[in-house]
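K.L.:
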Amino acid sequence: MKRAAPVLAIPVAWLLPWATHALRVDAVLPVLLVLGIASLLRVGTTLLDRVALALFLFLGLVSAAGLVFSVWPWGLDPVAVARAGFLGLIAAALISRRVPRLPLKITWSDALLVLGGVAPAVFLWSSFWGKPAAERLAMMIGAEDLARHFTIFDTIRSVGGYLPFHRDEVARQVIPGVVDYPQSSHLVSALMDNFARSSTDLGNGLVAFDHYLAWNLVGYGILAFTLVWALRWVAGPALRGWRLVAAVAVVVGCTGGGYLVSLFDRGYPSEALGLALLAVVFALSARPVRGAREQMLLLAAGLVGVSFTYYFFLPVAGAAVLVWALVYARSRTRGPWRLGPLAIAVPAVPLVLVWPVLSLRSGVSPTQALIPDVGIPEVDQRLVVALVALVLLGSLTRTGRRIPIWRSVSAQVVLSGLMVFAIGGYQLANTGGVSYYFEKAIHGVLIACFVGFGAIALLLPRDPFSWGAGQGGAAAALRRLAAFALPAGASVVVAAFAYGLLMPDRMLMTRTSERGGVTEPDAGTSRGRAFHGDKLWRPNDGKSAVNAYRRFPNGDDGRVTLVISAYRLYTPSLYLAGFRRQGGEAARPVSGINGSKEMATLEHVAEVSPRPVRFVVSRDDLVTGLRALAKRRPDLKIEVVVLPAAQIPTPPALPPPPGGKKR
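What follows is the structure, encoded as C-alpha cells:
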C-alpha cells in the first residue's frame, strides 16, 4: 500500500496545478514543492532545518532544470513547471522507497532564525512603502548594474528560459555582453514571478521592475536567513539561549544595516543569492548531515547552484567540498556508500561546468575579467582581519584542534583568504592596485567567518556560571565576571541593533571605494542620500525615466528613446531602454551618451543608433541645439520631445499592465 501511494498521487500532481491556475493562486505551488522535497529528506531534527535544506535543494534543482525549461515548448509556464516538479517528487519517492514525512518539532530558536532572515528584508522594503514609482526608481537608479539584471530577468520571462538558448530572440532586448552571464537568480525570480502572477504575460515595464525589486529583496532575505541558519547548524545544540540571541543579533545587524546591504542597494542580486548558497555549502561541509547520499545530493545541488548563480565563488565552494571529503568522507568509504555518491557526482560535474564554459565560449577572458575598472563599496578591512583572527585563533586551542568542525571552518576561512590574495596579487601585478573582484573575494571571507562563528560556541562551556566552580581567588572572580559580562555583551549588541532600527539613516550608510572613479559620499546629506549615498540617490533621474516611459511605453514604435535628464544622461536612458524592452537595440546609443553632452556627441549617438532616435529632453539649454541638429541632419530623423523632469503625471503608483504578449 505504501508503494502504491505515490502512484495514486499522479492524478493529483496533474490536476492540482490546473486548479490553482484556474483560481489564479499558483503562488501556493512553489511552497508545496519545497514542502514535498522536505518530506522526502531525512535530515534535520526540526521542521525549520528540514525546510531550509529543502529550499536549498530546490534552488539547486531549479538552476539545473532551467536547462530543460529553456528548450521544452512550455518555457516557464507555471502549470507545466509545477506538474514536472510534482511528478519528479513522485519519482523520487518511488526510487528512494520513502513515504512523505515531516518532523513537527518547532522551537523558539526556529522562530528567532526566521525573524533574523525576514527582519532585514522587511526593514529594507519599508523604505519603499507608500512611495510612487518615480521615487522608488530614484532610490535605485544609481545602481547601474541593476538595470542590466532587470533586462535579464524580464527577457527570461519573455523567452521562457536561459538566454544563451535564445540568442536570436533576445538580441533586441538585452545587451549582448550579458547573454552568457550566470542567470540562475534571474530564472528563479522570473519563475516565481510567473507563479505569483499566475501568468506569463510580460505586462507593464515599470510593474515588472517593481516585481523584480521585490524578488531581489526576497533573495536578500534568503541570504540573511541562510547566515543565521548556517551559524546555528555548525554550532548544533551548543548554540542556544543567550548565545543564540547574541549571535543572531550580530548577523542581523550586519545584514539589516551593515556592509552587506550594499549587495542590495548597489544592484548585486546574483551575488547575494550566490553567497547564500555558498554559506550553506560551507555549513554542510563543516557539519555534515547524516546519510552520505543526502550529503552528496545537497553538496552537489549547492555547487550547481553556486555555478549557475555566481560562479566566481565556485573555486572556494569546490575547495570546501574537497575539505569535507578529506575530513569526513574517508571514514565512509565502505559498503554501499560508494555507488550512491558516484551516481550523484557523475551528472553533477558537467552541470557545474555549464556556465564557466558558456562564458569562455563567449570570448570572455578570465584574466582580463579580473581587472575591471569599476568602483564598488569597500569592505572595512579591519573588520575582516578581526573576524578572521577570531575564527583562526579558535582553531589553535586544544579543543579546536580536536574537533573536525573547527578544522573545516578554519580551512574554509584560509581558502577564502587565499583567493583574496591570489586576485589581489594578480591585480597589483597588472594594474598597480586592487579593484572590483578583490572586494568581491573578500565577501567570500566574510561569509566563511559568519559561518565559522557557529564553531565558537563549541569552545564555550555549556554553563558560563560553572567557570572556576569549586575554586577560589582569581578563578571565582573570573567566573563572576563572565556571568555578568557575557549576557551584558549580548544585550549591548541587541540594543545597538535596536538603535540602528530607530536611526535608519545611520544604518544604511556604506563607505564607497575611491577606486574606479567612485568618490566618497557626502556625509551631511538628506535622508535620501543617507539611504544610498550621494552616488545612488538621483530623484531627477528617476522622475525623468518614469515620465518618459509613461509618455512612450511602446518599445515597438520604431524609435530608440533616450532621456537627457537634468543631471545625467546614461542611467535614465539605460533604465528606460529596459522598461521599453529594447536594451540590446539601445545598447550602442545609450553607451554613446555616457560622457560629453556636446552636440557632436549626441549627433554621433543618433548616427550609431539602429533606429531613429527620440531625445526626451528635460534641459532647456539643450532643446535649441537638438532641434537645430534635427533640422541640419534630416537623414537621422531625430525627434525632440520636451518633458520636464518635475512634471510627473498622476496615474497610480503601480499602473495596471496594458496586456503584454503571451508565450
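Under this note's numbering, the first residue of the sequence shown is numbered 727, with each subsequent residue one higher. Every residue gets a Cβ at the ideal spot worked out from N, C-alpha and C, and that includes glycine. For clarity, every value in this text was computed on a predicted model and none was experimentally measured.
#1: Opposite Phe1341 in the DSSP bridges: which residues?
#2: Would the stretch 937-951 count as touching the stretch 914-921 if we require 3 or more Cβ pairs under 8 angstroms?
#3: Of all Cβ atoms in chain C, is any one closer than 7 angstroms to the Cβ of Gly1158?
#4: If you count every other CB in all the chains shown that lies within 10 Å of the CB of Gly1158, and 16 or more means buried, which is it?
#5: Should Asp991 go down as buried or exposed, given a rule of 16 or more other Cβ atoms within 10 Å for buried?
#6: How close, in whole Å, do the beta carbons of Val1339 and Arg1277 come, if the pair is a contact with beta carbons under 8 angstroms?
#7: Would you report the Cα separation of Gly1150 and Ser1344, rounded to the nearest angstrom?
#8: Buried or exposed: Pro737, going by 16 or more other Cβ atoms within 10 Å of its Cβ?
#9: With DSSP collapsed to three states, give me the class of Pro756.
#10: Going by DSSP, what residue range makes up the alpha helix (DSSP H) through Glu1329?
#11: In three-state terms, what does DSSP make of Val1171?
#12: Could you tell me if Glu895 is buried or exposed, where buried requires 16 or more neighbouring beta carbons within 10 angstroms of its beta carbon?
#13: My parser needs the alpha helix (DSSP H) runs of 4 or more residues fully inside the stretch 1102-1142; what are they?
#14: By a C-beta neighbour count over all protein chains shown, 10 Å radius and 16 as the cutoff for buried, is Asn710 buried or exposed?
#15: In chain order, what residues of the same chain lie with their CB nearer than 7 angstroms to the CB of Thr1287, ignoring the 5 residues before and after it?
#16: With H, G and I counted as helix, E and B as strand and the rest as coil, what does DSSP make of Leu820?
#17: Using three-state DSSP, classify Gln1153 as helix, strand or coil.
#18: From which residue to which residue does the alpha helix (DSSP H) around Lys1357 run?
#19: Buried or exposed, going by whether 16 or more other CB atoms sit within 10 Å of the CB of Leu734?
#20: Extract the residue ranges of the alpha helix (DSSP H) inside the stretch 882-917, only unbroken runs of 4 or more that lie entirely within it.
#21: Apply the 10 Å Cβ neighbour rule to Gln1107 and answer buried if 16 or more other Cβ atoms are within range, or exposed otherwise.
#22: Please report the distance separating the alpha-carbon of Leu1118 from that of Arg1124.
#23: Please go through the same chain and pick out, in chain order, the residues whose beta-carbon is closer than 6 angstroms to the beta-carbon of Arg1060, but skip the five residues on each side of it.
#24: So, Val987 versus Thr952, is the Cβ gap smaller than 7 angstroms?
#25: Between which two residues does the alpha helix (DSSP H) harbouring Val797 extend?
#26: Please report the straight-line C-alpha distance between Val760 and Pro1098, rounded to a whole angstrom.
#27: Hey, how far is the Cα of His875 from the Cα of Ala753?
#28: Can you tell me whether DSSP reads Pro1098 as helix, strand or coil?
#29: Taking only the alpha-carbon atoms, compute the straight-line gap between Val905 and Leu1362 and give it to the nearest angstrom.
#30: Closest by CA to Ser789, which one among Ser915, Leu773, His747, Phe1034?
#31: Taking the straight line between their C-alpha atoms, what separation do you get for Pro743 and Val900?
#32: Where do the ends of the alpha helix (DSSP H) carrying Ile736 lie?
#33: For Val805, collect the residues of the same chain with a Cβ closer than 8 angstroms to its Cβ; drop the 5 residues on either side in sequence, then sort them by chain order.
#34: Following the continuous alpha helix (DSSP H) through Asn1280, name the residue where it begins and the one where it ends.
#35: Using the rule of at least 16 other Cβ atoms within 10 Å of the residue's Cβ for burial, across every protein chain shown, is Arg923 buried or exposed?
#36: Using three-state DSSP, classify Tyr1296 as helix, strand or coil.
P.N.:
According to the data block:
#1: Leu1288, Val1366
#2: yes
#3: Looking for chain C here will not work: only one protein chain is present.
#4: exposed
#5: buried
#6: Their Cβ separation, rounded to whole angstroms, is 15 angstroms, which puts Val1339 and Arg1277 out of contact at 8 angstroms.
#7: 43 angstroms
#8: exposed
#9: helix
#10: 1325-1334
#11: helix
#12: Counting of Cβ neighbours within 10 angstroms places Glu895 among the exposed residues, the total staying below 16.
#13: 1107-1121, 1124-1128
#14: With the chain running from 727 to 1389 in the structure shown, residue 710 is simply not present.
#15: Ala1274, Phe1278, Leu1302, Arg1306, Arg1340, Val1342
#16: Three-state result, Leu820: helix.
#17: Reduced to three states, the DSSP call for Gln1153 is helix.
#18: 1346-1358
#19: exposed
#20: Inside the stretch 882-917, DSSP marks whole alpha helix (DSSP H) runs of 4 or more residues at positions 893-896, from first to last along the chain.
#21: Burial call: exposed.
#22: Leu1118 and Arg1124 have their alpha carbons spaced roughly 13 angstroms apart.
#23: Because Arg1060 carries a pLDDT of 46, less than 50, the predicted location of this residue cannot be relied on, and the following value inherits that uncertainty. Taken in chain order, the list of residues that qualify is empty.
#24: no
#25: Premise fails: Val797 is in no alpha helix (DSSP H) and is neither H nor E.
#26: 39 angstroms
#27: If you take the alpha carbons of His875 and Ala753, they lie about 23 angstroms apart.
#28: Here DSSP, grouped into helix, strand and coil, assigns Pro1098 to coil.
#29: 30 angstroms
#30: Phe1034
#31: 31 angstroms
#32: Element bounds for Ile736: 736-749.
#33: Only Pro743, Trp744, His747, Asp752 meet the Cβ criterion.
#34: Here Asn1280 belongs to no alpha helix (DSSP H), and DSSP marks it neither H nor E.
#35: buried
#36: helix
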